[in-house]
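Each residue of the sequence shown is one higher than the one before, starting from 13 at the first, in the working numbering.
Working notes, beginning with the structure itself.
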Amino acid sequence: MSACLSLRSAVLRSAPRGAFSLLGRTSAPPAAGLRLVCTAAPEAHKPVIIESTEEYKFVERLIPPTRIPAPPKHAGAAPSGWTPPADSPPALPYMIRRSRMHNIPVYTDLTKGSLKTTLVRKVEGDIWALEKDVKQYLKEVTGKELPTQVNEVTMILKVKGHFEKELKDWLISKGF
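Laid out in structure tokens, this is it:
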């Protein structure tokens, strides 16, 4: 090992002389393009990596799940008020998918200080049929026709006013 280091240091010391000499007048060998090969014995003790599948179970429980598990099957509402979806979707021209946490995607929004709106998101299919059914249901509940706004690009239905609880209960009764 020491022989390899002394050879390397001798070549490195003579490299600047060979590089800067005029017309190569010095006797030092040129340093450019040299490759040093050490003939010293390689070290016999190298670390070995051993993969233990037995201990990986302790690591697995620390890794967060990649997806949210399926909700448990039970009849009726849970103590938290969450209701599972029906086994088969209703035969309607529209479909409302649950959120990734398995909740019904109906939200309230407060904009411009006091403008209250209710949003129905994740609509698939005929959003105009959903708007007609929502208008009809809310007319029965409130006694007046409420203004709505349909966004066909984002598939969101907006209703003027806060009707989150009423719309969630209505969608659960429909089978969503």
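We put the beta carbon where it would ideally sit given N, CA and C, even for glycine.
Remember, predicted model here, so these are calculated numbers, not experimental data.
Would you mind reading off the limits of the beta strand (DSSP E) that contains residue i?
i      : result
Leu122 : Val118 to Thr123
Val135 : Val135 to Gly137
Ile108 : Tyr106 to Ile108
Suppose the cutoff is 7 Å on Cβ atoms and the five residues either side in sequence are ignored; what does the same chain contact list for residue i look like?
i      : result
Lys172 : Thr129, Leu158 and Pro159
Gly187 : Ala98, Pro101 and Pro102
Glu72  : none
Output the boundary residues of the alpha helix (DSSP H) element that contains residue i.
i      : result
Leu131 : Careful: Leu131 lies outside any alpha helix (DSSP H), inside the beta strand (DSSP E) at Leu127 to Val132.
Val60  : It is not in any alpha helix (DSSP H) - Val60 carries neither H nor E in the DSSP assignment.
Leu179 : Glu176 to Lys186
Val165 : Unbroken run through Val165: none, as it is neither H nor E.
Lys69  : Tyr68 to Glu72
Ignore the nearest five residues each way along the sequence and tell me which others in residue i's own chain have a CB closer than 8 Å to its CB.
i      : result
Lys147 : Glu157, Leu158 and Thr160
Ser64  : none
Arg110 : Pro97, Ile116, Pro117, Lys134 and Phe188
Ile184 : Thr95 and Ile116
Taking the alpha carbon of residue i as the reference point, which residue from the options has its own alpha carbon closest?
i      : options                           : result
Trp140 : Gly155, Tyr106 and Arg112         : Tyr106
Gly137 : Pro96, Glu164, His114 and Val153  : Glu164
Ala144 : Thr166, Leu127, Lys124 and Lys170 : Per the sequence presented here, residue 144 reads as Lys, with Ala not at that position. Considering only alpha carbons, the answer is Lys170.
Met5   : Pro83, Gly125 and Leu142          : With the chain covering 13 to 188 only, the question about residue 5 has no answer from this structure.
Glu152 : Leu131, Thr166 and Phe175         : Phe175
Leu142 : Gly125, Lys124, Leu104 and Thr166 : Leu104
Leu131 : Val162, Tyr149 and Thr78          : Val162
Keeping to the same chain, check which residues put their C-beta closer than 6 Å to that of residue i; ignore five residues upstream and five downstream.
i      : result
Arg133 : Pro117 and Ile168
Pro77  : none
Tyr149 : Trp182
Gly155 : none
Inter-stretch contact at 8 Å, needing at least 3 Cβ pairs: the stretch 176-186 / the stretch 109-124: yes
Under 8 Å: do the stretch 120-132 and the stretch 83-103 share three or more Cβ pairs, one atom per stretch? no
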